[in-house]
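Numbering (our numbering), first residue to last: 382 to 686. I have placed the structure first, in the form of structure tokens, so that the comments after it can refer back to it.
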């Protein structure tokens, strides 16, 4: 039987409105938190898609290098003038990342300036780093270098983004406790999440640059070995064996029959198409693959172990 009492109908309607308003507030609140991650995700995915779509990945290396050096110099500017910077730390840090040997005395000598500005120092470091990277590029063919650069950028983006997602989840779990300190949890989440995102982007640049400069690629050496002609069965003959350390016999000399000497054949290791072989990535990671996929991995910058 349908309830038709006005008072009961009104009470049910009011209760339903309150529940719907509460549920709407919860959904809206969750969307505001999700929007923070969506904005960060869009930035990272744009960078990743650009790395995938670029014909010449070298165009992305220069901005990464400039951002890395600018971050290092900006941190030192907080200390004071260049003569008070931590030059021992700078030398070690830049040498371990971009292979540039930095000293204040050398910079002043090269620039012919006893009081160089931070911008002059930054430009000096960037130019030295570009020269070093150009020398590395000249040792490899264009396709190998392009595959190596794309692999490093994508691998670093994925690693750092996964770590950042985990950190943001940890922040989200405990952010509501900020309300006990009379702080807005959502504003705190946005503020700290933005700082974490900036740190992640800076670290991503530093790790990418370090891997690009310091990774030793062995693919070129392997291609040279594969290009060498394989040794086949070779027969050599000599009319007179006396000059080769053999005494010979008169009958043999008279018959003029050549003495045949067999040269040992270099044995080649045979692999089945589905046999497992080990390859090493440019970052040093060893992976097991099937032999039929070996050539495609070598073109990506891997080397056979």
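Cβ coordinates follow ideal geometry from the N, Cα and C atoms, glycine included.
Inspect the beta-carbon positions of residue i and residue j and report whether they are closer than 8 Å.
i	j	result
residue 479	residue 588	no
residue 435	residue 441	yes
residue 553	residue 678	no
residue 452	residue 659	no
residue 450	residue 498	no
residue 516	residue 446	no
residue 585	residue 538	yes
residue 529	residue 665	no
Using DSSP bridges, identify the partner residues of residue i.
i	result
residue 660	668 and 685
According to DSSP, simplified to helix, strand and coil, what is residue i?
i	result
residue 496	coil
residue 420	helix
residue 466	coil
residue 461	coil
residue 392	helix
residue 599	coil
residue 452	helix
residue 695	A question about residue 695 goes unanswered here, because the residues of the chain that appear run from 382 up to 686.
residue 401	helix
residue 571	helix
residue 436	coil
residue 501	helix
residue 517	helix
residue 605	The pLDDT assigned to residue 605 is 43, lower than 50, so where the model puts this residue is not dependable; a value taken from the coordinates is nonetheless given after this. Correct three-state label for residue 605: helix.
residue 586	helix
residue 563	coil
residue 510	helix
How many Å lie between residue i and residue j at the Cα?
i	j	result
residue 524	residue 594	17 Å
residue 601	residue 514	In this predicted model, residue 601 has a pLDDT of only 48, less than 50, meaning its place in the structure is not dependable enough to derive any value.
residue 550	residue 579	17 Å
residue 426	residue 460	35 Å
residue 505	residue 409	51 Å
residue 559	residue 566	6 Å
residue 518	residue 663	15 Å
residue 490	residue 448	25 Å
residue 507	residue 492	14 Å
residue 501	residue 545	34 Å
residue 657	residue 472	44 Å
residue 429	residue 462	37 Å
residue 396	residue 419	34 Å
residue 540	residue 555	24 Å
residue 536	residue 668	15 Å
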